[in-house]
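Peer 1:
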Amino acid sequence: MELFLSQVFSGLATGAIYAAVALAVVMIFLAIDHFNFAQGEMAMFSTFVCWAMLDAGVPYWLAFVLTIVFAFGFGVVVERVLFRPLHAAPVLSHIIAFLGLFFILNNGAGWVWDFTIKPMASPFPEGSFGGLMSYHQVGMVGVVLLMLALLYLFFRFTSVGLAMRAAAQNPDSARLCGIPVGWMIALGWGMASAIGAVGGMLIAPVVFLEPNMMLGILLYGFAAAIVGGITNPAGAVAGGFMVGVLENLVGTYIPFVGSELKLTVALVLIIGVLMVKPSGLFGRTTVTRV
Amino acid sequence: MAAESEATGRAVDPMRRIAGLTAGGWRLAISAVLLLAAVALPFGLGSFETFQITLVLIYAIAILGLNILTGFNGQFSLGHSAFFAIGAYTAAIMIERFGVSSYLTIPVAGLFGFAAGFLFGFPALRLSGLYLALATFALSVATPQLLKYNHFEDFTGGVQGINLLKDSAPFDLPLSVDQWWYFVTLAVALFCFWMAHNLIRSRTGRAIMAIRDNPIAAATMGVNTALYKTLTFGVSALLTAVAGALSAIVVEYVAPDSFTFLLSVYFLIGLVVGGVGWIPGAVIGGAFVLYVPNLAEGISTGLAGVLFGVIILLVIYLMPSGASGLVRLAVTHLQRRFDQDNNKA
Amino acid sequence: MNRRTALALLTAASLSLPAAAVAAGKYDDGASDTEIKIGNTNPYSGPASAYGQIGKTIAAYFNKVNEEGGINGRKINFVSLDDGYSPPKTKEQFRKLVESEKVLAIFQSLGTPTNSAVHAYMNREKVPQLFVATGATKWGDPENFPWTMGWQPNYQTEGRIYAAYIKKNMPNAKIAILYQNDDYGKDYVKGMKDGLGSMAGKMIVAEESYETTEPTIDSQIIKLKSSGADVFFNVTTPKFAAQAIRKIAELGWKPTHFLNNVSNSVGSVMNPAGADNGVGIISTFYTKDPTDPQWKDDAAYKTWSAFMDKYYPDGDKKSSFTVYGYSVAQTMVQALKQCGDDLTRANLMKQAASIKDLELGMLLPGIKVNTGPKDFFPIEQMQLAKFNGTSWELFGEILSGEAGS
Chain B
7 MELFLSQVFS GLATGAIYAA VALAVVMIFL AIDHFNFAQG EMAMFSTFVC WAMLDAGVPY
67 WLAFVLTIVF AFGFGVVVER VLFRPLHAAP VLSHIIAFLG LFFILNNGAG WVWDFTIKPM
127 ASPFPEGSFG GLMSYHQVGM VGVVLLMLAL LYLFFRFTSV GLAMRAAAQN PDSARLCGIP
187 VGWMIALGWG MASAIGAVGG MLIAPVVFLE PNMMLGILLY GFAAAIVGGI TNPAGAVAGG
247 FMVGVLENLV GTYIPFVGSE LKLTVALVLI IGVLMVKPSG LFGRTTVTRV
Chain Z
18 MAAESEATGR AVDPMRRIAG LTAGGWRLAI SAVLLLAAVA LPFGLGSFET FQITLVLIYA
78 IAILGLNILT GFNGQFSLGH SAFFAIGAYT AAIMIERFGV SSYLTIPVAG LFGFAAGFLF
138 GFPALRLSGL YLALATFALS VATPQLLKYN HFEDFTGGVQ GINLLKDSAP FDLPLSVDQW
198 WYFVTLAVAL FCFWMAHNLI RSRTGRAIMA IRDNPIAAAT MGVNTALYKT LTFGVSALLT
258 AVAGALSAIV VEYVAPDSFT FLLSVYFLIG LVVGGVGWIP GAVIGGAFVL YVPNLAEGIS
318 TGLAGVLFGV IILLVIYLMP SGASGLVRLA VTHLQRRFDQ DNNKA
Chain L
12 MNRRTALALL TAASLSLPAA AVAAGKYDDG ASDTEIKIGN TNPYSGPASA YGQIGKTIAA
72 YFNKVNEEGG INGRKINFVS LDDGYSPPKT KEQFRKLVES EKVLAIFQSL GTPTNSAVHA
132 YMNREKVPQL FVATGATKWG DPENFPWTMG WQPNYQTEGR IYAAYIKKNM PNAKIAILYQ
192 NDDYGKDYVK GMKDGLGSMA GKMIVAEESY ETTEPTIDSQ IIKLKSSGAD VFFNVTTPKF
252 AAQAIRKIAE LGWKPTHFLN NVSNSVGSVM NPAGADNGVG IISTFYTKDP TDPQWKDDAA
312 YKTWSAFMDK YYPDGDKKSS FTVYGYSVAQ TMVQALKQCG DDLTRANLMK QAASIKDLEL
372 GMLLPGIKVN TGPKDFFPIE QMQLAKFNGT SWELFGEILS GEAGS
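Chains as they are written, first to last, in our numbering: chain B, 7 to 296; chain Z, 18 to 362; chain L, 12 to 416.
1) Let me know the alpha helix (DSSP H) ranges lying completely inside the stretch 224 to 296 of chain L, each 4 residues or longer, listed in chain order.
2) Taking Cβ-Cβ distances shorter than 8 Å, what residues in chain Z pair up with S99/B?
3) Listed in chain order, which residues of the stretch 62 to 87 of chain B have Cβ atoms closer than 7 Å to some Cβ of chain L?
4) At a Cβ threshold of 9 Å, is L92/L touching chain Z?
5) Say whether chain B places a C-beta atom closer than 9 Å to the C-beta of S127/L.
6) Give the secondary structure of G342/Z by DSSP, where H, G and I count as helix, E and B as strand, and everything else as coil.
7) Thinking just about the alpha-carbon of each residue, which of H100/B, D61/B, V279/B, G206/B is nearest to the one in V150/B?
8) When you compare the CB positions of W150/L and V339/L, do they come within less than 9 Å of one another, or not?
9) Counting only the same chain and skipping the five closest in sequence on each side, list residues whose C-beta sits under 6 Å from that of T382/L.
10) Alpha carbon to alpha carbon, how far is T160/Z from A321/Z?
11) Any idea if Q177/Z is buried or exposed, counting beta-carbon neighbours within 10 angstroms, 16 or more meaning buried?
12) Output the distance between the C-alpha atoms of S209/L and H100/B, rounded to the nearest integer angstrom.
13) By the DSSP assignment, the beta strand (DSSP E) with M393/L in it spans what residues?
14) Does DSSP classify L354/L as helix, strand or coil?
15) Any Cβ of chain Z within less than 9 Å of the Cβ of I209/B?
16) Alpha carbon to alpha carbon, how far is D40/L from E169/L?
17) Does Y199/Z get closer than 9 Å to chain B when you measure Cβ to Cβ?
18) Rounded C-beta distance between K440/L and V76/L? I'm assuming under 8 Å.
19) To the nearest angstrom, how far is it from the Cα of L11/B to the Cα of V282/B?
20) Between the stretch 121 to 149 of chain Z and chain B, which residues of the former have CB atoms less than 8 Å from a CB of the latter, in chain order?
21) Going by DSSP, name the residue or residues bridged to G202/B.
22) Would you call the CB atoms of D297/L and Q394/L closer than 9 Å?
23) Using only alpha-carbon positions, find the residue among F244/L, W306/L, F318/L that is nearest to S402/L.
24) On a CA-only basis, which of G127/Z, S64/Z, G41/Z, L151/Z is nearest I103/Z? Give me that one, please.
25) So what does DSSP say about I378/L, is it helix, strand or coil?
26) Mind checking Y132/L: buried by the 16 CB within 10 Å criterion, or exposed?
27) Between which two residues does the beta strand (DSSP E) harbouring A187/L extend?
28) State the DSSP-derived secondary structure class of I266/Z, mapped to helix, strand or coil.
29) Check the Cβ-Cβ distances between Q162/Z and every residue of chain L, and say whether any is below 9 Å.
30) Report the neighbours of V327/Z on chain B: residues whose CB is nearer than 8 Å to its CB, in chain order.
31) Sorted by chain position, which residues of the same chain lie with C-beta nearer than 7 Å to A55/Z's C-beta, five sequence neighbours on each side aside?
32) Going along chain A in order, which residues have a C-beta closer than 9 Å to the C-beta of I123/B?
33) What residues match up with W403/L in a beta bridge as DSSP calls it?
34) Quick one: what's Y221/L bridged to in DSSP?
35) With a threshold of 9 Å between beta-carbons, can A184/L be considered close to chain Z, or not?
36) Which of the three DSSP states is assigned to A127/B in this structure?
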């Protein structure tokens, strides 16, 4: 029983990591109807910026806020400079462009900051609740839920949020209604990048900061977003926690899986959910007009 | 290359003559020159360069496989490293554990690849566009872990991988090992490209492309989309697995770390660089993914990845349809020049 | 060149003179009156990029050697290529180095899967594959692979050292093992099991593995703890080692913790993990830890430090990788010096296999490099150490294992 509880809480803690990334994945999907394979690297890069500021003696919360601002601007610039010119290009070109960005950020971060692991400061005190979850992990769950609430309010109650949804779902009609679709997309990129940066800053104290830290996490983030429903932020967060817990329990109690096939669990989850319920457990089914 | 005109839907007057040759005649002439060059190449190069070109051909076959799926059928895959691995491991296990002749393993690897691709094609049926990209992304990230799996270790060699030794040229042919395997690879590649070319030109090929262009219309016309899509997945995986088998033999080693997510990325980049939906583009794509990283490394070791990324982005911006677009542009340009010259005369 | 190495060189030269005085200027590919061309591959990109520091340190050291006049009047031309930790890429780069660049030898290529891909090739082509940067046991097999040689103590030996310690001091221990799911991890586990012998089945109560792409290893640690083990054998690379140390502290689990040498750097593991969390951890050493204050006034340490400042100012002076690269480069220089003017591949292998009692400044006092025609394991000694919260305290005598030889 103790083992079970420990695994569940540890799964929730890891799930918070996935949920943070899944939120960013959903955010970009809501904005551009697309996945960003460089999402993880963008978050990693922003986290390094934060680390560099902390290293230079900037107080934590100031660095935290500045990083969010940086990440937002970074996302907007990437959209304006790199993806604006491609908006009419086929999806495949987008995927390649994401991969190009992936190489640039991964190698660039390694070139500037080296590939050795860096300890990242946490805003939360050290210690843990009875060994089940550290204060940092609990704090992380809190921050993820807070981000979710803010997103909900943004989409539900602000006109910008509504405009953004309209721009993503039906760009032509949105344009006719006077919504600046191009800037909505840029805003979506900025927000996704900022959410990713918050995720990165919270993840790095757990897994340690290095240029390759996000690849595996991004896979789980995708899995979480898919499980929860790619258009539904709340679903994605729930999906993150579910994937985290499930992965731990499967790894612990199903002998032939063990720790050896944990990544495969993510694979099976993605394919399984997409097969059985493509809109995710909490997503709405979208009907495509022909 | 007729696929080019079919793919673009541009009509080419088959009887129009340029410099005394019809379009078909030109194609034949160019193909003959290229083939001659390909045969002569290893005799003018050192063994290492021959080995490198062999790798280019292997990449080209794998990219051709991906092109059939993505370029002609419109299904994405970031997971072709998995099928490449299946081919490589099939060959390695048959040669090393069962003493089967290397040559025999190549078609068998293709069959295994086909089966795997066909099976993966079923879940893929339910996944459109991006979702498929995502599922295959997960597949390629998980592949090394699956290859290491403890319970298969007796066959796969686990993390240690399998060492091979490639056969030297038979019948006392005056060829070095590298030259011999270059020619084997060239022969397999030619066969694969010829088959792909015929497939695309056939009735089946038209059905495959119809599904890409408008699945619902295709279905209404009586095309069994599910069957064709899974079959296309199978054929695509078959080609990639054949490439994998050749790679195992030529590199003489397989290990889980050889088949990472990066390999899938390279295939995809090669596909886009060569030209989506243009069969000969695969060769150009293969050369790109082999030589450009080396080139980037030559410029700066520390920034090779950044340079590679920048080059990829430049390719996307400057030649959005890849090498196929460039070639087409060149051909049109030459035709126009020729027409002008004729008019003057 | 510091004094100790110079001294060691003298001793070494006097012990192994025979081959040194052959007629002037016998050369194979890559060697001439003015130059010695040495090839190398390192992961400068990809998942193992952190190790790229080793290649950079070696290049810096060879620059230093060249500036100081080279080796017997010849400059080293060090060609280091990126293998991205991919076996097929490594094969391509090796062939480029051997067939196109025509190097005399390939030195310190990094990684077990990568070196495995070229093991047979190098021995078929009879090109030295010297002092490879991996601790697998298979590199010390002169009978079947006379052209390949390792350098560092192999992983199995280290595993045996811990096993011997456990058997002696904690005969009733219950051992839990966490290892990376690759050849490196499995070699350590094998060493531990071999060392425990018939007791292994009873003493090892849990084993868990992880992949480098996994975000965290928390779940594995929890499982291991629940096995009721009182000894934890930590076979992980730096990032996961730091995670494990912290997680164990968080769980309030207090096993006797054995940490593999791969991850005992104070700068890149112990401090990130939270130095207090690491108190009492036992590991083994063969090089000096550059962050250890006890070497502050050590002459060899100062020489190393000056070298880093001058030739590799971007390098991380807290990392054990730079110490490693420096020491292995010195070993190579020694082998090349012993070659004299006979720079053939055969002679280079012969000289690499006749290094006697070579002391390198940054190896622990008393640990010497020794090779022989049948001994392709240059370093076979290590010393145990315990972490006190700021640095490692060496204890016990210099130990040697004999795995594989």
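Note that beta-carbon positions come from the ideal geometry of N, C-alpha and C, so glycine has one too.
Peer 2: Per the coordinate set shown:
1) 229 to 237, 249 to 262
2) V289, I333, P337
3) none
4) yes
5) no
6) helix
7) G206/B
8) no
9) A364, I366, P389
10) 26 Å
11) buried
12) 58 Å
13) 392 to 398
14) strand
15) no
16) 37 Å
17) no
18) Past the edges of chain L, shown from 12 to 416, lies residue 440/L, and the structure says nothing about it.
19) 29 Å
20) P140, R143, L144, G146, L147, Y148
21) In the DSSP output, where bridge partners are listed per residue, G202/B has none listed.
22) Per the sequence shown, the amino acid found at residue 297/L is Tyr instead of Asp. It is a contact, given that the beta carbons lie within the stated cut-off.
23) W306/L
24) G127/Z
25) coil
26) buried
27) 186 to 191
28) helix
29) yes
30) G106, I110
31) L203
32) Absent from the structure is chain A; the protein chains it does hold are B, Z and L.
33) F398/L
34) Q191/L
35) no
36) coil
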